[in-house]
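Quick notes on the structure that follows.
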Amino acid sequence: MDYQKILADYVEMPGGLIEAFHAIQAELSYLPEEAIIQAAQVFGIPAAQAYGVATFYSMFSVKPRGKFVIRICESAPCHIAGAAKVVAALEKELGINMGGSTPDGLFTLEFTECVGQCQAAPVITINGKPYTDVSPEKISGILEPYRKNI
Amino acid sequence: MPNITIDGIKVAVPEGSTILQAAQEAGVNIPTLCHHPDQSVKANCRICVCEVAGSNLLQAACSQPATEGMNVKTRSPKVLEARKTILELILANHPQDCLNCLRNENCELQSLAAEYCIRDNPFELKVRGLGKDLSTPALFRDPDKCVLCRRCIEACSVIQTVNALGIEYRGQKAMVVPTLGKNLIDSPCIMCGQCIHACPVGAIGEIEEIDELLAAIADPETVVVTQIAPAVRLALGEEVGMPTGDLPMDVLVAGLRQIGFDHVLHTNFTADLTIMEEGHELLKRLKEGGKLPMFTSCSPGWTSFCETFFPDLLDNLSTCKSPQQMFGALVKTYWADKMNIPASKIFSVSIMPCTAKKYEASRPEMQSSGFRDVDLVLTTREIGRLFRMSGLDFEKLAPADFSPWMSKYTGAGVIFGASGGVMEAALRTVYEVVTGETLADVNFTAVRGFEGIKEATVNLKGTEVKVAIAHGLGNARKVMEQVRAGESPYHFIEIMACPGGCIGGGGQPITKTNKKRLERIQAVYEEDQACAVRKSHLNTEVQELYKDFLHEPLGHKSHELLHTHYQAKDKKFL
Amino acid sequence: MAEEMRLVLRNLGKIDPLKIDDYLAAGGFNSLKKALGMNKSDLIQEIKDSKLRGRGGAGFNCGSKWNFAAQAQADQKYVICNADEGEPGTYKDRLILENDPHALLEGMAICAHAIGASQGFIYCRGEYPAAAEILKEAIAQAKDKGVLGDFDVEVRLGAGAYVCGEETALIESIEGKPGEPRIKPPFPPVSGLWGKPTIVNNVETFVNIPLILEKGAAWYAAIGSPSYPGTKVLTLSGDVVHKTFFEVPTTTTVREVIYGLGGGLTAGKQLKAVQIGGTSGAFIPADQLDTAIGFDELSAIGAVLGSGAVFVLNESRDLADVTARIAKFFAHESCGKCTPCREGTARMSDILDKINNGQGKAADLALLSRLGRVMSCSSFCGLGQAAPSPLMSALKHFPADYEARLN
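Protein chains in written order, with the working numbering: chain A, 25 to 174; chain B, 7 to 580; chain C, 730 to 1136.
Here it is in structure tokens:
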């Protein structure tokens, strides 16, 4: 992966590190160590600081993740609407636990806090796209297009 | 001048003062933990919270400005409940092993816990269980003990600009970690140990090697020889309850002999020798058009910093080994011969104000004698512990003498301990060597003091030599950037990694403020003043060394034993 | 019977957010034109006179805040829109961003003129990528049309940190750093982004601005509660029939919102509690439902208006379970800078888990109360100060939920 090419778009942007990290994650789903090191160099900050940014924000991951990151909201409105059942159904469907990734590198399961779709809880997002009123029964249908889109 | 009332006491304080400063003015003690008098205000521990009339929120005394008419209560029930609860929260994940801790009885958290009578902590004890980082030969980190005050980060990144430490993650997962969450050895850490002074608890410390010393002493076959660095004596007294500078040298020697050292020698001797070598190296570079400015190389934290951050300027570093390593190379060659002791039986110990010296002694090239030149480096703090362990009463101890051949020193060697000292010592010698005249006044006061970067110009009978002195690596970086840019006007630059020089070294008694560093600097110059001889080239033992063994500065033997080379450090994560 | 009053959501459903011409046809950017023709101090006075208070939660007088920045001397000043809407149960800013982005740009441009700024940032939470795209398109169109004059505005995406809703943490994040709050003072209007005077206002606040200029301060000040005039966009969630949004004058009562507009509770159940203002808000019991959705009215009963989220719980809900989940939220979102919040949020969560597991003792409830008291008065920023509020209110009004679990 040519990080320099991605980073080049943000060099002139003051404080653009977070935007640059988003751009790298859009390609790789996570922030490899080398990407953090190169970003630190490009933005002229110590690697220790860039790593601090990479680990502070919950949408960034310094560990490899699947191509599609499924995030399940567990904030209070989703919690009382049955988020736990959705979690159990997703874990069963994908055969992994929360925080884990499928062996084929396709999916990762993560918790998230509120994604602002509380009109129709429970909610999950897949690579940022929200799915509302999710129930265990709807899971396989939601995943279907992602499974095909390898 | 805002007028404020603290616990009923009225004080007028300068504009811009905080409640904490006003309280000090009023004689009211407010507890602190993340606060450090020489660092920026952090206000993150919240131990210093106080009640300010008109606000339901408690205010952090360290950050809240004192404003006109403010009425502050520092010991109301609400304040005490908050402080106590905050302490309990910190202690609830802090290992309860004060008895085994390096900082036992010298720990800010322990003191606070005692002051606030923390007994049965209602919060369940949950130690993080991260374990120690023992990856470097000089420093350990024990993140389980970290209280997240971030003083170490500021010492490392702002004062030293090394940036080996940062915060990872957030919330209760937030931790102080070396770069990229790696071990310290993989970070840019140069082992200066300034983080140790900054740490209020035992989360960072020196790798303690007291047992290694005791084992060597216990072995009847081994001849245990020690050198003592210039900055040690005046601070060591602090460890045994004496005012800075008050421990006499001959009593210190007696104490070391009591501990079991067979021979006590002095690094000041090789400090004088360093001046001979480094002074001549400078003259040679000046004469032959060598790389300039030349940088001093006594401070291993600094040379590591140069190898890490300025690998392009390694040729500017003096090739002279540090006095510790010159000593190590000579003690197993020259001195062993003089004393008729087989080098293989010598266990060479050095007592240093420095943590980086532990690393320096372990460098593979430091074996010029055919053995490891310095077998063990103990910090001032470790020797302090040994003294306390030994139960010695320094008031009653009969003075003792050094062993011969490598213990004589001049005032020039003594001042190596303070920032500007190497420069001043060099100037005293270089001036007389070049001009052939005796200096009217040996005191080069322009190079002394705590100013971050000092400079001076010395006229060597027509040749103007411009010198600069930087202490603390943040200051060093500024000087170095100038060199890198080709804009440095200097011929000779002294750099010490630690603020104040070796007196503020990472191995010194825990130094909570720069005020203490200033006291030690004062003691250094008093000792110099009291020396009969104050120029390195007049050290008779050094003269003898050249006559009998080295023959001439920068000669063949010198190159073999006293000079070294540097290597760019392959540190990927800067 | 309560009725909606759509001021902030005036264009929702009426214009295509991706067509600036729609906005212009609806009278858009006329207020900016008017503002640009006004003396800056008159402009700020107009905002002050409207008594508009910030919709982000702190409720500071908007015009007064602008005045600090206007008075500050600096070569550069900034206007920032806080679109880091993170309070669970809240999505009113998303509605505005996705449906009326130009109204936001217009409000920001008016502010920029008032304080003398030429650069703006919209800090949009990372969970709203669609909204961010709409904003970028709207900015491109506005630039094309030249309607913003010399005011430049840029979208910056957050990356999952509730604490960035705190204005100084948000500023840190725009600077590309971890979102940790700064020591105040100095406050952002004096020293904010890159140390320059900066106004940070919420989306909803900015969107009110063009309307105030169009219809006049007096008109605005007469709407709703005199101490917090105007409307509030509310988002209803939980056990309520109409889980949707409403915009109402700030004199509307909680009861009217839930039983009038909200259609009452689902499955004919009784109300146990309602949490207003987001997950950091207090739980309000049934006997306080006649309180108005006004800033001071809610403060008076120990609750907050906050983000305007209305989270309804029916009689079958267990507050010990709900507040344990909320405690996890705060433990997850604490930035970790200060001790009371970093350790306190995690301990609060642990103790609640212990109680829910049947391991709790009466002493644990007392400890929770003490911990909550200490966090609320000694934490560094609003996050840690507000975090105990739901639990403290639940312990006060619904102690039986906790006592039933004790061992």
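Virtual Cβ for every residue (Gly too), placed ideally from N, Cα, C.
- At a cut-off of 8 Å between beta carbons, S82 (chain B) makes no contact with chain C.
- Y807 (chain C) carries a strand assignment under DSSP once its states are collapsed to helix, strand and coil.
- Contact residues of the region 68 to 88 of chain A toward chain B are P70, A71, A72, Q73, Y75, G76, T79, F80 (C-beta to C-beta distance below 7 Å).
- Residue burial is scored here from C-beta neighbours: H203 (chain B) has at least 16 other C-beta atoms within 10 angstroms and is therefore classed as buried.
- Interface annotation, P817 (chain C): in contact with chain A, CB-CB separation under 8 Å.
- Here the alpha carbons of I851 (chain C) and R885 (chain C) stand approximately 6 Å from one another.
- With fewer than 16 other beta carbons inside 10 angstroms of its own, V133 (chain B) counts as exposed.
- Taking C-beta separations shorter than 7 Å and ignoring five residues to either side along the sequence, the partners of E895 (chain C) in its chain run P910, C1110, G1111, L1112, following chain order.
- Under the three-state reduction of DSSP, N9 (chain B) is assigned to strand.
- Chain C places a beta carbon closer than 8 Å to that of N62 (chain B), counting this residue as a contact.
- For F579 (chain B), the closest Cβ of chain A is nearer than 8 Å.
- Take A107 (chain A), set aside five residues on each side of it, and the residues of its chain with a beta-carbon closer than 7 Å to its own are I96, C97, E98, P146, in chain order.
- A residue is called buried once 16 or more other Cβ atoms fall within 10 Å of its Cβ, and D968 (chain C) is buried on that count.
- Considering only beta carbons, the part of the region 172 to 197 of chain B lying closer than 7 Å to chain A consists of G172, I173, E174, Y175, R176, T185, L186, G187, in chain order.
- Of C:C853, C:G889, C:I987, C:F758, the smallest CA-CA separation from F84 (chain A) is found for C:G889.
- Rounded to the nearest angstrom, the Cβ distance from L154 (chain B) to V183 (chain B) is 11 Å, too far for a contact under 8 Å.
- Taking E43 (chain A) as the centre and dropping the five residues before and after it, the same chain places the C-beta of Y34, M37 closer than 8 Å to its C-beta, in chain order.
- Scanning C:K821, C:N796, C:L1097, C:Q774 for the CA closest to the CA of N931 (chain C) turns up C:K821.
- Under DSSP, L1042 (chain C) shares a beta bridge with C:A1002.
- P559 (chain B) and D278 (chain B) have their alpha carbons spaced roughly 12 Å apart.
- DSSP places S954 (chain C) in the strand class (E or B) of the three-state scheme.
- Using a Cβ distance threshold of 8 Å, K484 (chain B) and I459 (chain B) count as a contacting pair.
- Taking all protein chains shown into account, T309 (chain B) has 16 or more neighbouring C-beta atoms within 10 Å of its C-beta and is therefore buried.
- Among the residues of the region 110 to 143 of chain A, those with a Cβ less than 9 Å away from any Cβ of chain C are F135, T136, E137, C138, V139, G140, Q141, C142, Q143, in the order of the chain.
- Following the DSSP letters along the chain, one finds M1104 (chain C) inside the alpha helix (DSSP H) bounded by residues 1091 to 1107.
- Per the DSSP secondary-structure output, H569 (chain B) pairs in a beta bridge with B:C326.
- Taking 4 residues as the minimum length, the alpha helix (DSSP H) runs contained wholly in the region 66 to 129 of chain A are 71 to 80, 100 to 104, 107 to 118, in order along the chain.
- In this structure the region 782 to 795 of chain C does not touch the region 978 to 986 of chain C; the number of beta carbon pairs closer than 8 Å is below three.
- By the criterion of at least three beta-carbon pairs nearer than 8 Å, the region 189 to 207 of chain B is not in contact with the region 74 to 81 of chain A.
- Contact between the region 60 to 76 of chain B and the region 122 to 133 of chain B is not established, with fewer than three Cβ pairs separated by less than 8 Å.
- For the region 42 to 57 of chain A, the set of residues with a beta-carbon nearer than 9 Å to any beta-carbon of chain B comprises E57, in chain order.
- Beyond the five residues adjoining it in sequence on each side, V420 (chain B) comes within less than 7 Å, by CB distance, of P236, N274, V530, E533, D534, C537 in the same chain, given in chain order.
- K344 (chain B): not part of any beta strand (DSSP E); member of the alpha helix (DSSP H) spanning 340 to 345, first to last residue.
- Using beta-carbon distances, P101 (chain A) counts as an interface residue toward chain C, with a partner under 8 Å.
- By the Cβ rule, the region 108 to 119 of chain B counts as touching the region 203 to 214 of chain B, because three or more pairs are nearer than 8 Å.
- When the beta-carbon positions are compared, G251 (chain B) and G243 (chain B) come within less than 8 Å of each other.
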